[in-house]
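Heads up: the structure comes next, in structure tokens.
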Amino acid sequence: MTSGTDLRPAPPAGPVGLLIGGDRITVTAAGSAHQHVYPATGQPNTTVALASEVEIDHAVRAAWTAQREWVSLTVDRRRDLLVDLADVVHDHLDELAALNVHDYGVPVSYAGTAVLLERFLRHFAGYVDKPHGSSTPVNGSFDLNLVEREPYGVVAVIAPWNGALAVAGSCVAPALAAGNAVVFKPSELAPLAALRFGELCLEAGLPAGLVNVVPAGADGGDALVRHPGIRKVHFTGGGTTARSVIRAAATNLVPVVAELGGKSANLVFGDADLDTAAVLSAHQGPLMQSGQSCACASRLLVHDSVYDAFVEKFVAVVESAVIGDPFDPGVGFGPVISQGAVDRILRTVDDAVDRGTGRLLTGGRRIGGDLAQGFYVEPTVLTDVDNSSDLAQIETFGPVVSIIRFHDDADAVRLANDTPYGLNAFVHTRDLRRAHGVARELEAGSVWVNTFSDISPQGPYGGYKQSGFGRTGGIDGLNEFLQIKNIRIAMG
Ligand code: NAD
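Numbering of the sequence shown is given in full-length UniProt numbering, commencing with residue 1 and proceeding in unit increments.
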């Protein structure tokens with residue numbers, strides 16, 4: 001553990017406001033505000049004004065005005081503005097990373113999401129001046145048949161607390177590239193980096209109101225989804241919330257993309273490079289964002305022949321994690337989001353041990369000493385886990401990994417697929433045929449072979465089964481924000 005040197009810059013002075021039509025609004029009609037708490041110290045950080053129905057309505061109206069201005073610009077101009085935005089984001093990467101730390105206590109060494117935002121912006125800027133449509137022949141005539149792709153107009157993008165900047169990149173960037181305006185709702189738990197991104201959009205010269213940022217809780221989110229001016233909803237979060245969002249979107253029959261949670265399997269075969277697999281599995285499992293990632297490799301399936309050797313290496317990497325102040329660049333492991341999360345995670349581990357559905361190898365406690373006031377949970381590993389137990393089936397969203405033994409490839413695939421989720425799967429093997437064969441059998445939207453979840457703007461990302469539907473990234477991610485129009489012109 002590192003020393004408790006306090007390198008952190010001061011949090012933004014509160015109240016932190018909403019960004020609507022280019023204006024910061026710090027006092028809302030309903031007057032509701034959220035007391036933001038810094039997870040590393042458990043102390044109040046700042047207050048955040050929360051959007052109510054009134055502000056949601058203002059934001060949707062501002063977005064429609066800006067959208068008309070946006071599509072009145074030539075594609076050259078829109079492309080250049082998105083490139084300018086990527087440049088402005090680039091100039092503020094450190095500031096955005098620091099706000100991420102304030103938002104949810106993620107170590108500053110994990111700057112990934114601010115960098116991802118820039119990459120997605122550059123990628124999707126490149127689509128703006130490329131063809132989106134096609135023409136086709138039609139039976140029995142010489143008519144001209146055009147298939148055009150058009151923006152929806154105004155879309156809602158709803159983000160979880162653990163990845164507002166990633167969602168800004170993977171969802172707001174393609175929405176803009178497709179010609180839409182956005183009402184972007186970050187979680188009230190982590191709104192700071194998202195609000196700064198909204199300001200950077202203005203600094204880059206995007207029309208005021210093209211990106212409105214409205215921190216809100218469930219009520220504001222519900223008002224946004226039900227607003228008649230919203231034409232599509234892109235939701236990232238948990239399955240329970242997704243069901244509420246889909247029911248609300250049914251009011252106006254608005255389509256929804258759902259990027260949800262996972263219980264990802266991580267398969268270590270007998271022929272894997274065990275040292276590399278141990279490092280990647282620890283990073284992708286309990287260590288990255290303290291396991292608070294949709295891509296967390298929370299079920300580690302290990303072949304009989306290397307079980308003991310691998311588990312020893314894996315636990316050694318997990319136990320070497322540098323835990324401490326998230327603003328210390330040498331720290332790799334920070335707190336979880338809240339006291340409620342600490343209680344939930346530890347209860348899950350205790351239940352598994354009490355019921356005999358898992359045996360604790362390391363971790364399983366709250367961290368004390370200098371970090372006792374923060375929401376720190378030890379990186380935790382359980383072995384001999386029953387794959388049908390709650391521990392193995394329910395998303396823990398904390399630094400907890402379950403190890404399960406398998407006997408052959410078919411057994412590994414059966415265990416990996418035996419969950420309601422299907423977001424990611426990880427495979428460690430040196431056998432190319434096995435890598436291809438197993439990847440085809442896994443029920444997951446993304447399969448990563450001998451690597452971790454290294455999301456790129458080019459690769460479509462999303463879920464199978466209860467991990468959601470729709471994709472971010474690449475042309476599939478762009479097409480989520482375009483609707484299709486067929487135009488047939490009679491040629492006589
Ligand atoms: P959550 O479902 O609690 O909240 C997600 C967002 O929905 C928040 O902005 C929240 O304020 C909002 N919300 C809550 N109730 C709403 C309602 N009734 N109507 C509209 N919006 C509402 O999730 P969370 O705790 O913020 O995030 C963690 C979850 O997100 C995990 O399940 C994680 O796996 C998932 N996640 C998925 C991905 C992915 O790409 N698949 C990425 C990151 C996180």
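Glycine is no exception: its CB is placed at the ideal position from the N, C-alpha and C atoms.
With respect to the 8 Å criterion, His34 and Val48 are classified as neighbours on the basis of their beta carbons. Note that the C-beta distance between Ile404 and Asn387 is below 8 Å. Only exposed fits Glu312, as fewer than 16 other CB atoms lie within 10 angstroms of its CB. Under DSSP, Glu312 shares a beta bridge with no residue. Going by DSSP, Tyr104 is part of the alpha helix (DSSP H) stretching over 93-104. One thing to note: Ala194 has its Cβ no nearer than 8 Å to the Cβ of Phe124. Three or more pairs of CB atoms, one per stretch, sit closer than 8 Å, so the stretch 317-324 contacts the stretch 273-292.
Taken through DSSP and simplified to helix, strand or coil, Ile489 comes out as strand. By the C-beta criterion, the stretch 193-208 is judged not to be in contact with the stretch 135-151, since fewer than 3 inter-stretch pairs fall below 8 Å. By the criterion of a C-beta distance shorter than 6 Å, Gly179 is surrounded in its chain by Val71, Pro151, once the five residues flanking it on both sides are discounted. Around the beta carbon of Leu391, 16 or more other beta carbons sit within 10 angstroms, so the residue counts as buried. Looking at Gly262, Arg196, Pro255, Ser244, the one whose alpha-carbon comes closest to that of His234 is Pro255. Under the three-state reduction of DSSP, Ala297 is assigned to coil, being neither helix nor strand. In this structure the stretch 207-220 lies against the stretch 63-83, because at least three pairs of beta carbons, one per stretch, are closer than 8 Å. If you check the CB distance, Tyr127 and Leu478 come in under 8 Å. In this model, Asp103 and His132 are separated by some 37 Å (Cα to Cα). Taking 3 residues as the minimum length, the beta strand (DSSP E) runs contained wholly in the stretch 354-381 are 359-362, in order along the chain. Counting C-beta pairs with one atom in each stretch, the stretch 297-306 and the stretch 76-92 have fewer than three that are closer than 8 Å, which means they do not touch.
Relative to ligand 1, Trp161 has its C-beta within less than 7 Å of a heavy atom.
Counting the other Cβ atoms within 10 Å of the Cβ of Gly334 gives 16 or more, which makes it buried.
Cβ contact annotation for Arg196 (same chain, cutoff 8 Å, sequence separation greater than five): His92, Glu95, Leu96, Leu99, in chain order. Counting C-beta atoms within 10 angstroms of its own C-beta, Phe310 has 16 or more neighbours from the protein chains shown and is therefore classed as buried. Per DSSP, Glu395 lies in no beta strand (DSSP E) segment and is marked neither H nor E.
Straight-line spacing of the CA atoms in Val447 and Lys130 works out to 29 Å. In the DSSP assignment, Lys185 forms a beta bridge with Ile158. Remark: C-beta atoms of Val336 and Gly398 approach each other more closely than 8 Å. With a cutoff of 7 Å, Gly463 counts as near ligand 1, since its C-beta is closer than that to a heavy atom of the ligand. Excluding the 5 residues flanking it on each side, Ala321 has same chain C-beta neighbours closer than 7 Å at Leu287, Gly332, Phe333, Pro379, in chain order. In this structure, the beta-carbon distance from Gly358 to Asp325 does not fall below 8 Å.
Phe124 sits in a helix when the DSSP states are folded into three classes. When DSSP states are grouped into helix, strand and coil, Asp23 belongs to the strand group. Comparing alpha carbon positions, the residue from Thr46, Ala249, Asp431 closest to Leu189 is Thr46.
For Lys185, the Cβ falls inside the 7 Å cut-off from some heavy atom of ligand 1. Within the stretch 221-303, the alpha helix (DSSP H) runs of at least 4 residues that lie entirely inside it are, in chain order, 239-249, 274-282. Within the same chain, and ignoring the five residues on either side of Phe120 in sequence, the residues whose Cβ sits closer than 6 Å to its Cβ are Gly169, Ser170, Ala173, Pro457.
Considering only Gly140, Glu53, Thr241, Asp80, the residue with the shortest C-alpha distance to Gln466 is Thr241.
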